[in-house]
Amino acid sequence: MSAESPESGTLSNLLKEDRRFEPPAAIAEHANLQAEAYDRAASDRDAFWAEQAERLDWSQRWDRVLDWDDAPFAKWFVGGRLNASYNCVDRHVEAGRGDKVAIHWVGEPLDDTRDLTYAQLKDEVSKAANALIDLGVQTGDRVAIYLPMIPEAVIAMLACARIGAPHTVVFGGFSADALASRLDDCQAKVVITADGGYRRGAPSALKPAVDEARTKTGRESGHRVEKVLVVRRTGQDLGEDGWDDSVDVWWHDVVDTASPEHTPEAFDAEHPLYVMYTSGTTGKPKGILHTTGGYLVGTSYTHWAVFDLKADTDVYWCSADIGWVTGHSYLVYGPLANGATQVMYEGTPDAPERGRWWQIIQDYKVTIFYTAPTAIRSFMKQGREIPDRFDMSSLRILGSVGEPINPEAYVWYRHVIGGDRTPVVDTWWQTETGMIMISPLPGVTHGKPGSAMIPIPGVAADVVTEEGASVPNGSGGYLVLTEPWPSMLRTIWGDDQRYRDTYWSRYADQGWYFAGDGAKKDSDGDLWVLGRVDDVMNVSGHRLSTTEIESALVSHPKVAEAAVVGAKDEDTGQAVCAFVILRDEAGDGGADIVEELRNHVRKEIGAIAKPRQIMIVPELPKTRSGKIMRRLLRDVAEHREVGDVTTLADSTVMDLISAQENAGSSDE
Ligand code: PRX
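Per my numbering, residue 32 is the first one in the sequence shown, and the count goes up by one each step.
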């Protein structure tokens, strides 16, 4: 692990931040969770989680809250049985709330909207469940979902949950290759996709990537995707070879015609709910497994507590794509289990014009809004004139997720978007944690720009040294979670050993979960999460592995060796910077080599991984043991003075790299 010391000086600026925002009286007075919950949860954790589990409908109650005997393999709500889809849909209809809007869907083209009530959602989910069964999907089979942000994405996920078929949603921005590796890894039987979706005002195709991915699957395992279920969204031409009758099926042919009657079966609390792929420190993405009972308890509890949800009056909006864990926990399972009314938006924030998000908040009178710092920073850049044109007085709580929020962005968000009325909850969590772990509570905790504050009631975390000693206030170290939690990942799909090694080996003696993040406790003991301490980057709140991008680069015939680092970027938090050594026979690579390589990464992984910058270099800085010194490369990429090179095998290498950079020969 190339440890970036969390003790480094980057903190000093942050810690000068002394602005404080008290919870508004109106929120504090009626807050769902009050300050007493912290002690109550800590004094009897199991009882606290049992209380939260009462939020759900169980067809059979559990006999034991937590079985941690086989740690790190947890079982929560042992013996309990439930259906996630029933909990997100049917029970609200049965309670007389069938006419309540579950989703105000807003398409990217103007006036392309659709409202779905809970009763309608129940019918749609039931029809999709029946159609999947007809396509041969059985309990336990995996179904991949590769869809734009349309209602069918939510319907498809809930239909899978309803029949106990774990879904794996692949972000629509991933390439055919990335999709193929995920299909192979979890051996998906069926893929649900669309002809395309709307992005920045134009239809953008999806189905061709599925066709290409299918040709690439099963090379080693022999596995084959049996059926592809296709939603017609854009109506774009699929081309002559774009349809295979033996595999492809239109959604409107099989789902729209299916029966809306489907009785959900109750599954064991530990039945797999979904697999979500995320980047780790090796080239192979990790399939994070979440199971049913604990995950639903964790997401519904946190959505209720951290956003102080008042299901009868709030209009909630999470801008995340369903292709990421935030979309799973805080667009699908948390809000729907809580019977919330929410907005779902298909497109980009600037289509067809820059005020689109604020227009949606105004039109639907959104009260709770959850987005990522990278989006906030890009709005800041455009200036407040745009949001100032809209009436956003309905907003009462704002949330931030995915990366550290810099104090300036936090204050702008609160001030310009929230009119200084709204608490900002900076929520720290991960694909692996499934639910928000560290966050202020909007009616209890005062806001401190840049700090995620303290673990929420029921969660236990600490910042520790390499040896596992808790650091004193004012110091930094590694973030650990010291107690299991209900929505924790259960394993890495098909790789229990990697699960142990990645998360549980570093603090094996203590039995703590190692989050891979550096953090600091300030003088009040509040937490500041600083970012990854491993070879994982965070670009616009999305996780990317340096190794994964390096392997994409070296798969290009002209590339001999590549090193990738995440360099600081004003807009995206971090940006991908690559240093590439070309093969001798490639000469100087040709005039367009940089663009060629950037596009190659895009093709191999997806647009989000496309390097901001590629430098063609003659050598890479390595330690005597041959390990690439990324810290030095990061210095070059961030235009800093190059750091200490005493462990470098050949320190002239850095001079060569710096000279190359100064000549500007290889930047885009
Ligand atoms: O480094 C942390 C950062 O995002 C990582 C988790 O990424 P992912 O699994 O893709 O999940 C993103 C959505 C939960 C963390 O290890 N991160 C996430 N939220 C924050 C954060 N860093 C600082 N502050 C946050 N609020």
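The C-beta atom is built at its ideal place from N, Cα and C for all residues, glycine as well.
Next item on the list: May I ask you to check if the CB of ARG193 is nearer than 6 angstroms to at least one heavy atom of ligand 3?
Entry: For the structure depicted, ligand 3 is absent and the ligand set comprises only ligand 1.
Margin query: Within a Cβ cutoff of 6 angstroms, which residues of the same chain sit near SER501, ignoring the five residues on either side of it in sequence?
Written below: ASP493, VAL495
Notebook entry, point to check: For ligand 1, any of its heavy atoms closer than 6 angstroms to the Cβ of TRP460?
Noted result: yes
Note to self: Quick check for students: name the residue ranges of the beta strand (DSSP E) that lie wholly in the segment 567-618, counting only runs of 3 or more.
What the structure shows: With a minimum length of 3 residues, the continuous beta strand (DSSP E) runs that stay inside the segment 567-618 are 567-570, 573-576, 590-600, 604-613.
Check: Can you give the Cα-Cα distance for GLU35 and PHE79, rounded to whole angstroms?
Finding: Model confidence at GLU35 stands at a pLDDT of 41, short of 50, so the residue's coordinates are unreliable; what they give is reported in the following sentence. Answer to the nearest angstrom: the Cα atoms are 37 angstroms apart.
Next item on the list: Taking ALA483 and ILE469 to be in contact with their CB atoms under 8 angstroms, please state how far apart those CB atoms are, rounded to whole angstroms.
Entry: Approximately 4 angstroms separates the beta-carbon atoms of ALA483 and ILE469; this is inside 8 angstroms, confirming the contact.
Checklist line | Residue interval of the alpha helix (DSSP H) (run including MET188) | finding: 182-194
Next item on the list: Return the residue from the list ASP532, ASN504, TRP543 that minimises the CA-CA distance to GLU498.
Entry: TRP543
Next item on the list: Kindly indicate which residue of VAL673, ARG665, GLU635, PRO649 has the alpha-carbon position closest to the one of GLU243.
Entry: Closest in alpha carbon position to GLU243, among VAL673, ARG665, GLU635, PRO649, is GLU635.
Notebook entry, point to check: If we ignore side chains and look at the alpha-carbon of each, how far apart do TRP335 and MET180 end up?
Noted result: 24 angstroms
Margin query: Let me check one thing: in DSSP terms, what residues is ARG145 bridge-paired to?
Written below: TRP136
Next item on the list: Compare the C-alpha of LYS408 against each of PRO383, PRO588, TYR441, LYS658 and name the closest.
Entry: Strictly speaking, residue 408 in this sequence is Arg, with Lys absent from that position. Closest option to ARG408, Cα to Cα, is TYR441.
Notebook entry, point to check: Leaving out five residues before and five after ARG245 in sequence, what residues of the same chain have Cβ atoms less than 6 angstroms from its Cβ?
Noted result: If we look at ARG245 and ignore the five residues flanking it on each side, its Cβ neighbours are VAL256.
Check: Between which two residues does the beta strand (DSSP E) containing HIS631 stretch?
Finding: For HIS631, there is no enclosing beta strand (DSSP E); the residue is found in the alpha helix (DSSP H) stretching over 624-635.
Notebook entry, point to check: Are the Cβ atoms of TRP136 and GLY111 separated by less than 7 angstroms?
Noted result: No, Cβ-Cβ distance for TRP136 and GLY111 is not below 7 angstroms.
Check: How many whole angstroms separate the CB atoms of VAL356 and PRO197, which I take to be in contact at a CB cut-off of 8 angstroms?
Finding: With 8 angstroms as the limit, VAL356 and PRO197 do not qualify as a contact, their Cβ atoms being about 15 angstroms apart.
Item checked: Nearest neighbour of TYR117, chosen from PHE104, ALA150, LYS131, VAL132 [CA to CA] -> ALA150
Notebook entry, point to check: By the 10 Å Cβ neighbour count, where 16 or more other Cβ atoms means buried, how is LYS479 classified, buried or exposed?
Noted result: buried
Next item on the list: Output the distance between the C-alpha atoms of LEU429 and THR344, rounded to the nearest integer angstrom.
Entry: 16 angstroms
Next item on the list: Could you tell me which residues DSSP puts in a beta bridge with THR372?
Entry: VAL346
Margin query: Following a CB-centred definition, is GLU434 positioned closer than 6 angstroms to any heavy atom of ligand 1?
Written below: Yes - ligand 1 has a heavy atom lying nearer than 6 angstroms to the Cβ of GLU434.
Next item on the list: Pick helix, strand or coil for PRO486, following the three-state DSSP scheme.
Entry: strand
Check: In angstroms, rounded to a whole number, what distance separates the CA positions of THR578 and TRP559?
Finding: 27 angstroms
Notebook entry, point to check: Would you say the beta carbon of ASP457 comes nearer than 6 angstroms to a heavy atom of ligand 1?
Noted result: ASP457: yes, Cβ under 6 angstroms from ligand 1.
Note to self: Following a CB-centred definition, is ASP548 positioned closer than 6 angstroms to any heavy atom of ligand 1?
What the structure shows: yes
Check: alpha helix (DSSP H) containing PHE108: first to last residue?
Finding: Careful: PHE108 lies outside any alpha helix (DSSP H), inside the beta strand (DSSP E) at 106-109.
Item checked: Cβ pair VAL397, PRO418 closer than 7 angstroms -> Going by C-beta atoms, VAL397 is not nearer than 7 angstroms to PRO418.
Margin query: Quick check: does the Cβ of ALA483 come within less than 6 angstroms of any heavy atom belonging to ligand 1?
Written below: yes
Notebook entry, point to check: Pick from ASP566, PRO103, ASP602: whose alpha carbon is nearest that of ASP549?
Noted result: According to the sequence as given, residue 549 is Gly; it is not Asp. Answer by Cα proximity: ASP566.
Item checked: Secondary structure, alpha helix (DSSP H): runs of 4+ residues fully inside the segment 367-429 -> 387-395, 404-413, 416-419
Margin query: Let me check one thing: in DSSP terms, what residues is PRO234 bridge-paired to?
Written below: TYR229
Check: Does the distance from the CB of GLU139 to the CB of ALA382 come in under 7 angstroms?
Finding: yes
Item checked: Identified DSSP bridge partners for GLN91 -> Bridge partners of GLN91 according to DSSP: ARG112.
Check: Does ligand 1 have even one heavy atom less than 6 angstroms from the beta-carbon of ARG537?
Finding: no
Checklist line | Cβ contact check for the segment 159-167 and the segment 286-303: 3 or more pairs under 8 angstroms | finding: yes
Check: Can you pull the DSSP bridge partners for TYR177?
Finding: THR224
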